[in-house]
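Participant:
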RNA sequence: GCCCCCGUAGCUCAGUGGAUAGAGCAACGGCCUUCUAAUCCGUUGGUCGCGCGUUCGAAUCGCGCCGGGGGCACCA
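In the numbering used here, the protein residues as written are -14 to 534.
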């Protein structure tokens, strides 16, 4: 029995009790069932009596008393105890708890999925770095977290498009092009240009593609460097991301918004809609009505569209492509965008809730315990590839995904390379590999899954393991709802821990000459169920689940 | 000055208003001739930044401070 099933059963009991006139309360949408910290408090506990007793005009224990009578009648419930101010502590029959092992194996890779987000079309935009340099640590974090989030949404039935928005025109790209040109000429990088070995590398590759490029007039030459350099850089970025296990469905070119007068047309319509106002020769969006610090210029006084005009057009474009929810992941240095993006949606007469901006905090690079300032200009950036070279894709993705995006994180490359054992990804992967070793040994010892007797799973470590496995679907759903993939990582760490403890306490393959019994066979089911959940969890994070280590 | 995030064990961090606040690492001490010792067991370690409030109940919610990080363009 999973906590969700128990929760549903408790809800049904509440409904029956109300129907029977035992008390009068508004039925809650969900009854929270949690695993108590102390095992003395049973397998599962609910505080529903504490929450509803006031409404029922009863004291909580009295309410709990009424409800417990009904809970005790439920199939699979062994005992119900009332504790403290009115908690209901529920203990399941071993068989009811153990049945979960078989249902997980039967569900296979579907265990942990749901249809909660079915029918929702989500556009998830992340990374979106302009092609002026390699993906740095911050972008790498969003790649890991964003892709995990996409997987989470998909696991809940949503239709997800991973999207990368880029701009290959404008001042930043111009600086990039001039830096390439300078490098090719053997001159130092311009004052406001980019530095670093990758500039020399790209410049050299451009020269190979177009050996006569420096013979052009400077302006034409720089433009040519822009075209070829951006292509090469973007190719490198896509390859890095692909090798990192992150592939985008759509690479959206900012420039395409301005083709055929799309943005201009939108702005003209907005001018007449009353959502823009004219002041000092510029057209402004009244974003202050949506929590922005100040109103934002949409059309500059010289008539050119401001940056936000592109955002408005992009939003309309996404909506026309049929997305119900447009999620944009940005670094903390862009948190000021939230209000104006919502304002843009509202100005268009659309629902601001169709835009969701996820702000993630910065990644700091540490060296010997001291923060290192990363600078593209100085070429002291640590890139996605640097991180992968240092620790591998699995450890990199896992490390970045296991922290809340609300936290600043410090990455110490030396620490990660020197002591990879410290990384919890190995703890989880090792547990998964161990389930395979156990399975192999079980097969060799003649243990198969021809029998399953859930009541055999009565060891305390088996109760713990079953409980952790049972919480997995709820954790996944919660991680998706909160947009917090780190919850999945933290939970599979818990599962790995309970599995290791179970392994230590209970044998699956018989010892020596002992006969194979249904106990062994049943435990093999539990072993395989754990294997499935660990694989599913690692899969949600885009981390491999090795069969041997 | 205003806005966003953070402050929990020596360190890195978990913790949708619930019971005695957790994990990993670090430190110290144990368990390998039997399914993988990257595992497991034990010990040490806390004014949950501070104060006030809401609540039967606050690390969690509200307000005010303090400290750290990030941001406040007719740039993109």
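Cβ atoms here follow ideal geometry from the backbone N, Cα and C, with glycine treated the same way. Just so it is clear, the structure is predicted and the values come from calculations on it, not from any experiment.
Measuring CB to CB, does residue 130 end up less than 8 Å from residue 377?
Facilitator: Cβ distance not < 8 Å, so residue 130 and residue 377 don't count as in contact.
Participant: Taking only the alpha-carbon atoms, compute the straight-line gap between residue 135 and residue 154 and give it to the nearest angstrom.
Facilitator: Roughly 29 Å separates the two Cα atoms.
Participant: Within the continuous alpha helix (DSSP H) that includes residue 250, where are the two ends?
Facilitator: From DSSP, the alpha helix (DSSP H) with residue 250 extends over 247 to 258.
Participant: Can you give the Cα-Cα distance for residue 62 and residue 513, rounded to whole angstroms?
Facilitator: Distance between the alpha carbons of residue 62 and residue 513 is about 25 Å.
Participant: What number of angstroms, rounded off, separates the C-alpha of residue 219 from the C-alpha of residue 269?
Facilitator: Cα to Cα, the separation comes out at about 34 Å.
Participant: To the nearest whole angstrom, what separates the beta carbons of residue 431 and residue 501, a pair I think is in contact under 8 Å?
Facilitator: Correct: roughly 5 Å between the Cβ atoms.
Participant: Within 10 angstroms of the Cβ of residue 536, are there 16 or more other Cβ atoms? Answer buried if so, exposed if not.
Facilitator: The displayed coordinates of the chain run from -14 to 534. Any statement about residue 536 would go beyond what the structure contains.
Participant: Anyone know if the C-beta pair for residue 510 and residue 434 falls short of 8 Å?
Facilitator: Result yes, Cβ atoms of residue 510 and residue 434 sit closer than 8 Å.
Participant: State the DSSP-derived secondary structure class of residue 17, mapped to helix, strand or coil.
Facilitator: It is coil, neither helix nor strand.
Participant: When burial is assigned at 16 or more other CB atoms within 10 Å of the CB, is residue 575 buried or exposed?
Facilitator: This structure does not reach residue 575, given that the chain is present from -14 up to 534, and the question cannot be answered.
Participant: Could I get the ranges of all uninterrupted alpha helix (DSSP H) runs contained in the stretch 183 to 268, with 4 residues as the minimum, in chain order?
Facilitator: If we require 4 residues or more, the alpha helix (DSSP H) runs fully inside the stretch 183 to 268 come out as 203 to 228, 247 to 258.
Participant: For residue 273, which three-state DSSP category applies?
Facilitator: It is helical.
Participant: Give me the residue from 137, 138, 180 with the minimum Cα distance to residue 163.
Facilitator: Checking every option, the nearest Cα to that of residue 163 belongs to 180.
Participant: Residue range of the alpha helix (DSSP H) that residue 382 falls in?
Facilitator: Residues 378 to 386.
Participant: Taking a contact to mean a Cβ-Cβ separation below 8 Å, would you say residue 332 touches residue 340 in this structure?
Facilitator: No.
Participant: Could you tell me the distance, in whole angstroms, from the CA atom of residue -5 to the CA atom of residue 81?
Facilitator: Those two C-alpha atoms are separated by around 16 Å.
Participant: On the criterion of 16 or more Cβ atoms from any shown chain inside 10 Å, does residue 258 qualify as buried, or is it exposed?
Facilitator: Flag for residue 258 reads exposed.
Participant: Which first and last residues belong to the beta strand (DSSP E) in which residue 316 is found?
Facilitator: Note, residue 316: beta strand (DSSP E), 310 to 316.
Participant: Express the C-alpha separation of residue 160 and residue 175 in angstroms, rounding to a whole number.
Facilitator: So the two alpha carbons sit approximately 8 Å from each other.
Participant: Could you work out which residue in 60, 76, 247 is closest to residue 66 when comparing CA atoms only?
Facilitator: Answer by Cα proximity: 76.
Participant: Please classify residue 227: is it buried, with 16 or more other beta-carbons within 10 angstroms of its beta-carbon, or exposed?
Facilitator: Exposed, since its Cβ has fewer than 16 Cβ neighbours within 10 Å.
Participant: What are the start and end residues of the beta strand (DSSP E) that includes residue 68?
Facilitator: Its beta strand (DSSP E) spans residues 62 to 68.
Participant: Hey, quick one: how far does the beta strand (DSSP E) through residue 508 stretch, first residue to last?
Facilitator: Premise fails: residue 508 lies in the alpha helix (DSSP H), 503 to 525, not in any beta strand (DSSP E).
Participant: Classify residue 30 as helix, strand or coil using the three-state DSSP reduction.
Facilitator: Correct three-state label for residue 30: strand.
Participant: Quick check on residue 458: buried or exposed, where buried means 16 or more other Cβ atoms within 10 Å of its Cβ?
Facilitator: With 16 or more other Cβ atoms within 10 Å, it is buried.
Participant: Would you mind reading off the limits of the beta strand (DSSP E) that contains residue 74?
Facilitator: Unbroken beta strand (DSSP E) run through residue 74: 72 to 77.
Participant: Just verifying my parser: in three-state terms, what is the DSSP assignment at residue 371?
Facilitator: Correct three-state label for residue 371: helix.
Participant: Per DSSP, what are the beta-bridge partners of residue 350 in this structure?
Facilitator: BP columns for residue 350 point to 357, 396.
Participant: Please report the straight-line C-alpha distance between residue 240 and residue 296, rounded to a whole angstrom.
Facilitator: Roughly 12 Å separates the two Cα atoms.
Participant: Per DSSP, residue 146 forms a beta bridge with which residues?
Facilitator: Partner(s): 108.
Participant: For residue 379, which residues from the same chain have a beta carbon less than 6 Å from its beta carbon, with the 5 sequence-adjacent residues on both sides left out?
Facilitator: Result list for residue 379: 410, 528, 529, in chain order.
Participant: For the putative contact between residue 460 and residue 472, defined by C-beta atoms under 8 Å, what is the C-beta separation to the nearest angstrom?
Facilitator: Rounded, the Cβ-Cβ distance is 6 Å, consistent with contact.
Participant: Helix, strand or coil: which one does DSSP assign to residue 337?
Facilitator: Helix, per DSSP.
Participant: Distance check for residue 31 and residue 493, CA to CA, integer angstroms please.
Facilitator: So the two alpha carbons sit approximately 34 Å from each other.
Participant: Measure the alpha-carbon distance for residue 124 versus residue 517 and round it to whole angstroms.
Facilitator: Straight-line Cα distance between these residues: approximately 31 Å.
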